[in-house]
Amino acid sequence: VEGQQWTGIVDHAVMELAETAVAQLLKALRPDAVALVDAFDFPDVVLGSALGREDGNVYEALYENATTSRLNTIRPFRGYTKYLRPHLDRNFLKLRNKVVPESML
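Here it is, written out as structure tokens:
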């Protein structure tokens with residue numbers, strides 16, 4: 024509702040009422056959002072999302088999506104090798120929610 028799309032269609036007061044109503048509706052729906060979406064029973068593969076997975080492996084799926092994304096097949100951004108890569112424990116990430124061996128602690 025926010026923005027210029029209502030300009031010329033409704034006056035400012037009505038636009039503010041609509042924005043307030045939408046905010047209240049979203050606040051009321053938020054606690055049940057997952058259940059409402061689950062009710063449609065769309066498979067994860069159709070949604071194409073790593074979030075809300077039935078198996079619960081959200082972080083593993085996010086990592087997998089990031090590593091296979093076409094956006095990440097190009098050369099990393101400037102500074103990646105020097106600043107970010109040293110902080111990524113790739114062996115730990117590969118464990119995928121398994122028990123961490125003592126040697127990694």
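With the working numbering as the guide, the letters of the sequence shown map in order to residues 24 to 128.
Glycine residues also receive a C-beta, built at the ideal position from the N, C-alpha and C atoms.
In the three-state reduction of the DSSP assignment, Lys-50 falls in the helix class. Restricting attention to Val-33, Lys-117, Glu-42, the CA atom closest to the CA of Asn-80 is found in Lys-117. The beta-carbon separation of Ala-73 and Ala-84, rounded to 4 angstroms, stays under the 8 angstroms limit for a contact.
Approximately 6 angstroms separates the beta-carbon atoms of Asp-67 and Arg-76; this is inside 8 angstroms, confirming the contact. Every alpha helix (DSSP H) of 4 residues or more that sits fully in the stretch 32–118 is shown, in chain order, as 35–52, 56–62, 67–70, 81–91, 113–117.
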